[in-house]
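Chains as they are written, first to last, in the UniProt record's numbering: chain A, 1 to 377; chain B, 1 to 377. We put the beta carbon where it would ideally sit given N, CA and C, even for glycine. Written out below as structure tokens is the structure these notes cover.
Number of protein chains: 2
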Amino acid sequence: MLAASCGLLLTACGDVTGNNQTTTTDTSTSEKAKATTSQLSKDYYRNVINDGQYKVSQSRGVSLSLNSGYNIKAFETGLMNLSHSEFPTDTYYFQEGQQLDAETISKWIKRSSGDNPEPDLTVSDPEGLNPVDNGELEPDKRAPKYLSQILEQNYMVKDGDNFKLAGISIGLALNSVDYYQKVQYGAEFKTDIQRANLEAEGKKMANEIVARLRKMEGLGNIPITVGLFEQTPKDSLAGGVFFSEGVSKDGAATVANWKDINEKKVIFPRTDGETSNETTSFENFKSQVQSFFPNLNGVTAEATYSGDQLIKMKATVTTQFYGQSEIIALTQHVSDNASKYLPPNIPIEISINSIDGMEAFLNRDSGEKEFQSHVFD
Amino acid sequence: MLAASCGLLLTACGDVTGNNQTTTTDTSTSEKAKATTSQLSKDYYRNVINDGQYKVSQSRGVSLSLNSGYNIKAFETGLMNLSHSEFPTDTYYFQEGQQLDAETISKWIKRSSGDNPEPDLTVSDPEGLNPVDNGELEPDKRAPKYLSQILEQNYMVKDGDNFKLAGISIGLALNSVDYYQKVQYGAEFKTDIQRANLEAEGKKMANEIVARLRKMEGLGNIPITVGLFEQTPKDSLAGGVFFSEGVSKDGAATVANWKDINEKKVIFPRTDGETSNETTSFENFKSQVQSFFPNLNGVTAEATYSGDQLIKMKATVTTQFYGQSEIIALTQHVSDNASKYLPPNIPIEISINSIDGMEAFLNRDSGEKEFQSHVFD
């Protein structure tokens with residue numbers, strides 16, 4: 001019992017860096033001892049672990065089907081971030097989604113089979129949330145598939161010596177581009193989808209998902225946060241963003257309080273010719289870094305905006321590996337020029353990569369002046 | 001001039017994290033303005049840069065021929081580290097080797113052509129430092145090639161508004177295993193070489209190299225540090241180590257003051273069955289991390305010893321990527337168990353990798369208690 005109280009005390013103190021592992025024994029059931037990980041950042045949740053094992057999702061790996069690794073990571077961490085307001089990281093614990101299994105999700109993201117009494121269940125399902133196939137094949141005439149994937153996250157609280165489910169977050173990954181074939185194994189075609197349509201369709205689907213969850217055992221009254229995520233096309237170097245979030249409380253069967261999230265991600269150098277203070281800063285940084293060696297270094301960045309405000313930058317320097325002393329010199333040069341040219345006060349990550357992988361990494365957190373760096377040897 | 005004095009002042013103050021770029025203009029010759037990078041760690045040297053460009057080595061990329069990436073990095077950073085004592089990082093600046101070009105080094109690492117008046121210059125050279133081919137083909141009868149590669153580093157000091165060469169370090173990469181073919185394009189055979197032989201042959205070669213350098217213009221009186229490096233075999237997960245260092249001062253044509261460096265690198269888990277406090281600690285850490293997911297995580301480490309003392313550990317956790325929230329949980333779990341089980345007080349690096357590259361990174365510097373971590377998203 002002492003360990004458990006210490007755990008709660010540390011939580012209340014907001015200690016996020018300490019190694020505050022707690023171990024409690026569940027006396028009410030036959031479950032094994034439960035513990036939690038520490039919390040390495042106030043953006044992260046402590047994780048519930050059972051007997052040294054992590055409880056993976058009932059739909060483990062479904063987000064691997066998204067258009068790119070950038071989308072997968074943006075979808076998962078984005079849903080975690082927008083869960084912070086309903087389920088603060090200092091009192092809630094994270095567990096992977098345990099309510100929706102892979103089979104259920106696989107059905108829900110199919111097309112609806114409508115009133116077809118003998119549907120082809122490989123492409124449609126009575127429970128499918130995407131529109132009924134209208135038989136059209138042209139990009140602007142067919143009914144596109146809006147919903148690409150569903151992600152469930154569970155948020156737990158302490159309950160005596162145990163943990164109980166206290167919140168669910170549901171992310172809907174929606175297609176800005178729906179890829180399809182006109183014939184099986186045929187060429188790939190695309191239907192572009194407007195944000196306004198994604199939003200309208202996404203909100204309808206979110207209500208339906210919440211209504212279905214409400215009927216499941218034990219979920220009648222659990223707060224459910226829902227986020228709508230627009231994934232970027234397959235060839236984009238940027239990940240997608242959440243553009244709308246809502247919540248269902250007090251057992252409501254629909255989502256209320258929808259709020260717009262006005263975020264966007266832009267790749268530098270911009271290819272659309274648009275210029276701003278940030279693009280000029282980036283171009284200065286890029287030209288200093290690019291020409292450091294006789295061979296050119298590649299320099300790109302993903303800039304995240306909230307409204308018109310730049311809030312985060314992730315830069316990637318790609319170089320050819322000729323030796324470790326060159327990597328050290330380049331890292332020091334990148335640090336100097338990032339401090340000199342890149343925008344102040346926002347968090348910035350810079351990775352230096354060769355064909356062998358990451359060679360060095362620089363990081364400046366929000367509010368810091370100096371970059372922290374690490375050269376891998 | 002002000003900028004230059006500030007630079008020197010900062011150096012004297014031992015400020016290693018600041019962005020102390022200095023720019024001086026060389027008025028005595030027509031060379032372009034010179035600057036230096038900042039110094040991100042007291043282990044690193046500031047680099048001389050000319051007009052935003054890094055001066056690459058005259059033998060750029062020669063160390064890429066070593067047996068593995070582990071050896072390349074250990075060879076280069078090792079030579080830099082053993083240069084610290086003669087050429088301290090607070091007063092000396094680093095420049096890549098400018099004295100020995102790739103062609104010269106290529107000749108020197110060949111076999112000696114001995115007194116053959118018409119040698120095959122693709123395999124031997126009058127200037128070759130490896131033994132004359134004795135015609136034997138069996139592993140224990142042939143004369144193996146001891147010397148695999150030569151690395152030159154230059155150490156500069158401020159000279160008014162300019163930088164001048166003030167020290168040279170030469171690293172000799174020596175073969176613990178010499179790989180060879182009996183016939184061209186044939187199977188690969190190996191000759192194992194004892195450390196004692198490498199040391200004796202390496203010291204002779206070092207003297208010859210120093211004697212040759214002394215005859216080159218401007219190098220008659222420059223201090224030359226020499227390090228003997230034993231590279232590990234191609235299939236080793238550990239990099240090699242420097243095992244002997246010496247110095248040639250006051251224009252001497254030989255190396256004096258040879259000192260043994262009693263370092264070794266060991267891969268955990270050990271395959272030789274040897275056990276120690278460290279192997280037990282590592283096994284505990286490994287078993288906690290390995291079984292965190294239903295699929296096994298791979299856990300290995302490179303432990304560096306000085307004598308019998310563990311001085312550094314680099315661990316690698318290999319996992320399968322199912323999603324970002326699993327990576328965050330694993331990182332927190334690794335941090336907890338590294339703090340709990342791995343040896344205290346030594347620097348430890350842990351990278352968490354999937355097939356897509358590095359997913360997260362944890363680092364604890366010497367003397368720190370907590371791990372710093374970064375999850376890449």
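- Within the same chain, Asp178, Thr191, Ile193 come within 6 Å of A/Pro144 by CB-CB distance, once the 5 residues on both sides are set aside.
- Out of A/Lys369, A/Leu82, A/Met156, A/Lys182, the CA that lies nearest to the CA of A/Pro139 is found in A/Lys182.
- Restricting attention to A/Leu174, A/Ala35, A/Phe87, A/Gly323, the CA atom closest to the CA of B/Met80 is found in A/Gly323.
- At least 8 Å separates the beta-carbon of B/Tyr54 from that of A/Ala166.
- By the Cβ rule, the region 231-238 of chain B does not count as touching the region 154-166 of chain B, because fewer than three pairs are nearer than 8 Å.
- Against chain A, the CB of B/Val157 has no partner CB under 8 Å away; the residue lies outside that interface.
- Going by beta carbons, B/Asn257 and B/Gly239 fall outside the 8 Å limit.
- In this structure, the CA atom of A/Gly52 is about 19 Å from the CA atom of A/Tyr155.
- As DSSP reads the structure, A/Lys312 sits in a beta bridge with A/Thr304.
- Between the alpha carbons of A/Glu263 and A/Glu230 lies a gap of roughly 11 Å.
- At least one CB of chain B lies nearer than 8 Å to the CB of A/Gly69.
- Closest by C-alpha distance to B/Val266, out of B/Gly307, B/Lys249, B/Ser354, B/Phe371, is B/Gly307.
- As the crow flies, the alpha-carbon of B/Gly298 is around 31 Å from that of A/Asp90.
- Not one beta carbon of chain A lies nearer than 8 Å to the beta carbon of B/Leu82.
- When DSSP states are grouped into helix, strand and coil, A/Leu362 belongs to the strand group.
- Within 7 Å of the CB of B/Tyr92, no CB atom of chain A is found; the nearest one sits about 14 Å away.
- Annotation: the continuous alpha helix (DSSP H) that includes B/Ala329 extends over 324-341.
- Within 9 Å of the CB of A/Met358, the CB atoms of chain B belong to Ser351, Gly357, Met358, Phe361, Phe376, in sequence order along the chain.
- When the alpha-carbon of A/Phe361 is set against those of A/Ile327, A/Gly367, A/Ser41, the nearest one is in A/Ile327.
- Of all residues in the region 333-344 of chain A, the ones placed with a Cβ closer than 8 Å to any Cβ belonging to chain B are His333, Ser335, Asp336, Ser339, Lys340, in chain order.
- The beta carbon of A/Asp377 sits closer than 7 Å to the beta carbons of Gln324 from its chain, once the five residues preceding and following it are set aside; these are given in chain order.
- A/Glu152 and A/Lys369 have their C-alpha atoms spaced approximately 37 Å apart.
- One finds Thr331, Gln332, Ser335, Ser373 in chain B with Cβ atoms closer than 7 Å to the Cβ of A/Leu40, taken in chain order.
- In the three-state scheme derived from DSSP, where H, G and I count as helix and E and B as strand, B/Lys249 is classed as coil.
- Per DSSP, the continuous beta strand (DSSP E) segment holding B/Gln149 begins and ends at 147-159.
- Per DSSP, B/Arg195 has no beta-bridge partner at all.
- Following the DSSP letters along the chain, one finds B/Ile222 in no beta strand (DSSP E), marked with neither H nor E.
- By the criterion of at least three beta-carbon pairs nearer than 8 Å, the region 338-358 of chain A is not in contact with the region 338-350 of chain B.
- Contact annotation: A/Val210 and A/Ala173 have beta-carbon atoms that are not nearer than 8 Å.
- Within chain A, no C-beta atom comes nearer than 7 Å to that of B/Glu188; the closest sits roughly 23 Å away.
- Under the Cβ distance rule, A/Glu103 does not count among the residues neighbouring chain B, no pair being separated by less than 8 Å.
- Neighbours of A/Glu152 across chain B, judged by C-beta separation under 9 Å, do not exist; the nearest C-beta is about 11 Å away.
- Using beta-carbon distances, A/Lys203 does not count as an interface residue toward chain B, since no partner is under 8 Å.
- Taking 8 Å as the CB threshold, A/Ile267 stays off the interface with chain B.
- Contacts between B/Ser63 and chain A, judged by CB atoms closer than 9 Å, involve Tyr322, Gly323, Gln324 in chain order.
- In its chain, beyond the 5 residues on either side, Ala253, Thr254, Val255 have a beta carbon closer than 8 Å to the beta carbon of A/Asn207.
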